Amino acid sequence: MEPFSLPDDVQQQEQEALRFVPEEWGMQRQSEDTDFLFLNLGPNHPSVH
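In structure tokens, the structure reads:
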């Protein structure tokens, strides 16, 4: 069995699928006088256990 390899185009496609776009969730990136920061507390972060 050959070692696993992920073609560059497939990797790019998978990475793009993981991109968080706040507008797709009904959120704003900023308000009149505030910019928002979205933190990714993914599955390896202690706060989710």
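Throughout, my numbering is defined as the position within the sequence shown, counted from one, plus 1.
A virtual CB, placed ideally from N, CA and C, is assigned to each residue, including glycine.
If you're wondering where the values come from, they're calculated on a predicted model, not measured in any experiment.
Going by alpha carbons, who is nearest to residue i out of the options?
i	options	result
L42	E25, F21, G27, S32	F21
Taking residue i and residue j to be in contact with their CB atoms under 8 Å, please state how far apart those CB atoms are, rounded to whole angstroms.
i	j	result
F39	Q31	The pair is not a contact, with the Cβ atoms about 12 Å apart (cut-off 8 Å).
Cutting at 8 Å between CB atoms, please list the residues of its own chain near residue i, excluding the five before and the five after it.
i	result
Q29	P23, F37
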